[in-house]
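For the sequence shown, counting from 1, position 91 maps to 312 in my numbering; every step adds exactly one. Every residue gets a Cβ at the ideal spot worked out from N, C-alpha and C, and that includes glycine.
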Amino acid sequence: MMVNEMKCFWGNEKMRKILFKGKRVDTGEWVEGFPFPSIPGEELNRMTVFEQYQGGTVVNTYKIVSSTLCQYIGLKDKNGTIVFESDKVYDPNKNKIFVVKWDNELASFVLIDEDGWINREITRMFYCKVIGNIHDNE
Numbered sequence: 222m223m224v225n226e227m228k229c230f231w232g233n234e235k236m237r238k239i240l241f242k243g244k245r246v247d248t249g250e251w252v253e254g255f256p257f258p259s260i261p262g263e264e265l266n267r268m269t270v271f272e273q274y275q276g277g278t279v280v281n282t283y284k285i286v287s288s289t290l291c292q293y294i295g296l297k298d299k300n301g302t303i304v305f306e307s308d309k310v311y312d313p314n315k316n317k318i319f320v321v322k323w324d325n326e327l328a329s330f331v332l333i334d335e336d337g338w339i340n341r342e343i344t345r346m347f348y349c350k351v352i353g354n355i356h357d358n359e
């Protein structure tokens, strides 16, 4: 198990992995971990990150840009890269770029193309390749 992931278990059944990413305020780099607010009830603007070092693991906390917070969707692309909400993915079968978004009405992650067309076949991710995130240039 990666250090920066939490797996939930219920009895003997394995449930899904919980993981988020956000951009650090100080460097603009992406960090993966678990978000929390500076003040209870406020926006999620800090990230707890478990970082591996030669002597073990260190827990660090970074201030993040709250608008860049993205949740892991539970799927990987064709190259094994984990996919987060707001990631841009290229689908070679449709020759299109989609953005991964949460749809409240469908209660599911979906793929949305540049024209706003919603593709509910999130399992297409296995054919797709992550090529970036909508927050990369922020």
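| task | Look at the alpha carbon of lysine 244 and the alpha carbon of threonine 344, and state the distance between them as a whole number of angstroms. | result | 27 Å
| request: Grab me the residues of threonine 269's own chain with a C-beta within less than 7 Å of its C-beta, minus the 5 sequence neighbours each way, in chain order. | output: Gly254, Phe255, Phe257, Val280, Thr282
| query | Residues in its own chain within less than 6 Å of lysine 242 by CB, not counting five upstream and five downstream? | reply | Trp251, Glu253, Cys291, Phe305
| task | Assuming valine 351 and leucine 332 form a contact by the criterion Cβ under 8 Å, report the distance between their Cβ atoms to the nearest whole angstrom. | result | About 12 Å; that fails the 8 Å criterion.
| request: Write down every uninterrupted run of the beta strand (DSSP E) in the stretch 315 to 346 whose length is 3 residues or greater and which is fully enclosed by it, in chain order. | output: 317 to 324, 329 to 334
| request: Using only alpha-carbon positions, find the residue among Trp338, Met346, Ile294 that is nearest to asparagine 314. | output: Met346
| message | On the criterion of 16 or more Cβ atoms from any shown chain inside 10 Å, does aspartate 324 qualify as buried, or is it exposed? | response | exposed
| field | Cβ-based neighbour list, leucine 296, same chain, cut-off 6 Å, excluding 5 preceding and 5 following | value | Val304, Met346
| task | Measure from the alpha carbon of histidine 356 to the alpha carbon of each residue in Arg341, Arg267, Val246, Ser288, then state which is nearest. | result | Ser288
| request: Please confirm whether isoleucine 318 and aspartate 298 have their CB atoms less than 9 Å apart. | output: no
| task | Taking serine 307 as the reference, give the member of Asn316, Gly301, Tyr293 with the closest Cα. | result | Tyr293
| If you run the structure through DSSP and keep just helix, strand and coil, what is threonine 289? | helix
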